[in-house]
Amino acid sequence: MKKKLIISRLHNIAAILYNNRIQEFTIINNTYQVSDIYLGVVNKIFPGINAAFVELQTRKKNGFIHASDSGPLKRKPNITNITKIFSIHQKILVQIVKESTLHKGPKLTANIALSGRYIIFMPFSHTICIAKNISDEKQRHHLKALAILLKPLNMGVLFRENSVGINENVILEEINSLRKQWNFIQKSALAGTNPYLIYKHNNIVQKSLKDFYDPSIQKIIVDSAKTLLQVNQYFQKQIHCPKQLNTCLKLLASCQYFPEKFRLISKLLENLGNHVLLPLGGYLSIEVSNALTMIDVNSGSFQNASNSRETVLMINCLAATEIGYQLCKRNITGIIVIDFINMHNQQDKLYLLEHLCTTLNRDWTKPQIVQLSELGLVEIVRQRKSKNLLEISSEHLLLSNSRLLINSNRGFYSNNSYVFFKKIFPWVHILTLKYNIKIV
788 MKKKLIISRL HNIAAILYNN RIQEFTIINN TYQVSDIYLG VVNKIFPGIN AAFVELQTRK
848 KNGFIHASDS GPLKRKPNIT NITKIFSIHQ KILVQIVKES TLHKGPKLTA NIALSGRYII
908 FMPFSHTICI AKNISDEKQR HHLKALAILL KPLNMGVLFR ENSVGINENV ILEEINSLRK
968 QWNFIQKSAL AGTNPYLIYK HNNIVQKSLK DFYDPSIQKI IVDSAKTLLQ VNQYFQKQIH
1028 CPKQLNTCLK LLASCQYFPE KFRLISKLLE NLGNHVLLPL GGYLSIEVSN ALTMIDVNSG
1088 SFQNASNSRE TVLMINCLAA TEIGYQLCKR NITGIIVIDF INMHNQQDKL YLLEHLCTTL
1148 NRDWTKPQIV QLSELGLVEI VRQRKSKNLL EISSEHLLLS NSRLLINSNR GFYSNNSYVF
1208 FKKIFPWVHI LTLKYNIKIV
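Heads up: the sequence shown begins at 788 in my numbering, then just goes up one per residue.
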């Protein structure tokens, strides 16, 4: 059972493959991303909701900033009225804390924070923070003392969980590096006149390694020598080198259509379907809306157990495993309601919830089970980190009311979904012949 990290810098896509199935993926395009820093211009103020809209890029969605997120821009700390904080056409330095959706622009903050490997640098804060997961009191006291000695005056730092055991010189080097970045951002903001992107947090290589990498990954496959060098440099900055991590780095520069070498696009296309087949005959029905995601578990033709109680429990457990996988693969976030097949035995319900908890614990966003309602519905909340595949595809479809038709046996896709993937990957038309995909 091999776990691979595929990184294509040329096509801005990365994915984790486990047993030839996509576990996680990310696609970077020109839209807003979390932690990006912009010089923005206030163009609308809404006293009723105590917020303002900020222009970040020409002909793009405006960002949204609430008065509570404008701390450094306040003339006095106790000011709460948005009209006393902002004025029309005012230039402000802001950072994206939540990506845009189909109907909303990105959420912004004036409390800038620069993320490093071991610390988060906070120019507008005086506090010293330590990750909650660091429970050892000696380590916490050591990191706090280290911060007092190393951090710049009137600035704050947050120590990440992986900062434990790191050499002091490495921490100091990272603080100095982030401080230089901040000085560059300030100079760029002062020189700018129109809204524009000042600081891009991550490229596809940095983002995929930071978000996806763990020691269980046995192989990292890239599509260019430059990417290979970036990956190697990333590991050299860590306390362990790649050989000690038992991770193999592999270059496939000769592969012209690198993502389709591993069938990434065809697998992502399958993710847009509403129905997911379960092993042994059942299936999931997944309906995504603006308010919530509804997942319905159906038994289908499943009849592999000796009695109905065992059948229902087995289907629900298989469904719980697949749901955990689908949440990661599709990057479904927000409120998720699961309608499992009704069970009357309390022990079976407890067993199912424990199995679901175990499955969700493998998810790096750590979804939370809210409750099992009286109607038998399981409610889950999953934190939004980035756009899901449906949002990415909808942004690029030429017709917003088009629907995607998927037949896993014959390979039917709508013409608009084809246009979307062709726009991101110009070579995608090759797949129509390779995988017998018909455009309808």
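Glycine is no exception: its CB is placed at the ideal position from the N, C-alpha and C atoms. Values in this document were obtained by computation on a predicted structure and should not be read as measured data.
Any 3 or more C-beta pairs closer than 8 Å across the segment 1110 to 1121 and the segment 793 to 812: yes
Extract the residue ranges of the beta strand (DSSP E) inside the segment 968 to 1028, only unbroken runs of 3 or more that lie entirely within it. 983 to 986, 1006 to 1009
Counting only the same chain and skipping the five closest in sequence on each side, list residues whose C-beta sits under 7 Å from that of ASN1085. GLY1069, TYR1070, SER1072
Looking at the secondary structure, which residues open and close the alpha helix (DSSP H) in which GLN1109 lies? It is worth fixing the name first, because residue 1109 is Glu in this sequence and not Gln. First-last of the alpha helix (DSSP H) with GLU1109: 1095 to 1117.
Grab the span of the beta strand (DSSP E) containing LYS790 for me, first residue to last. 790 to 795
Mind checking whether TYR986 and ILE972 have CB atoms under 7 Å apart? yes
Closest to SER822 by CA distance: which of ARG1171, ASN849, THR896 is it? THR896
What residue range is occupied by the uninterrupted alpha helix (DSSP H) comprising ALA932? 924 to 937
Expressed to the nearest angstrom, what Euclidean distance is found between the alpha-carbon atoms of SER887 and ALA839? 15 Å
7 Å Cβ cutoff, PHE999 in contact with chain B: In the structure shown, chain B does not exist; there is a single protein chain.
Helix, strand or coil: how does DSSP classify SER855 here? helix
Using only alpha-carbon positions, find the residue among ASN1061, ASN941, LEU860 that is nearest to THR914. ASN941
Measuring only the C-alpha atoms, how far is GLU955 from HIS928? 14 Å
Please list, in chain order, all residues of the same chain as GLN926 whose beta carbon is under 7 Å from its beta carbon, the five residues on each side excluded. VAL951
Separation of PHE812 from ILE800, as counted between CA atoms: 7 Å
How far does the beta strand (DSSP E) with LEU785 in it reach, from first residue to last? Residue 785 lies beyond the range of the chain shown here (788 to 1227); nothing can be said about it.
For the putative contact between LYS1136 and LEU1162, defined by C-beta atoms under 8 Å, what is the C-beta separation to the nearest angstrom? No, LYS1136 and LEU1162 are not in contact; Cβ-Cβ is about 13 Å, not under 8 Å.
Flag this pair as yes or no: are the beta carbons of LEU1105 and LEU1065 separated by less than 7 Å? yes
Where ASP1083 falls: helix, strand or coil (DSSP): strand
When the Cα atoms are used, what is the spatial distance from PHE911 to ILE899? 7 Å
With H, G and I counted as helix, E and B as strand and the rest as coil, what does DSSP make of HIS1142? helix
Look up GLU1074 in the DSSP assignment and say whether it is helix, strand or coil. strand
Could you tell me the alpha carbon to alpha carbon distance between ILE958 and TYR905, rounded to whole angstroms? 7 Å
Taking just the CA atoms, how far does GLN1155 sit from ALA976? 39 Å
Per DSSP, cross-strand counterpart(s) of ARG808: TYR805
List the endpoints of the continuous beta strand (DSSP E) containing ILE1156. 1155 to 1159
Which listed residue (PRO864, LYS931, ILE1122) has its alpha carbon closest to that of THR1080: ILE1122
Separation of ALA918 from GLU924, as counted between CA atoms: 12 Å
With a 10 Å radius around its C-beta and 16 neighbouring C-beta atoms as the bar for buried, classify SER1095 as buried or exposed. exposed
So LYS1006 and LYS789 are supposed to be a Cβ contact under 8 Å. How far apart are they, rounded? 7 Å
For GLY827, which beta-bridge partners are listed by DSSP? ILE879
Could you tell me which of LEU1036, ASP998, LEU880 sits nearest to LYS974, measuring between CA atoms? LEU880
Measuring only the C-alpha atoms, how far is VAL841 from PRO864? 22 Å
Smallest Cα separation from LEU758: which of ARG947, ILE953, PHE946, ILE962? Any answer about residue 758 is impossible in this case: the structure gives the chain only from 788 up to 1227.
Taking the CB atoms as reference points, tell me whether ILE824 and GLN877 lie closer together than 7 Å. no
Just the Cα atoms here: how many angstroms apart are SER1204 and SER874? Reliability of the predicted coordinates at SER1204 is poor, the pLDDT of 43 falling under 50, and no value is obtained from them.
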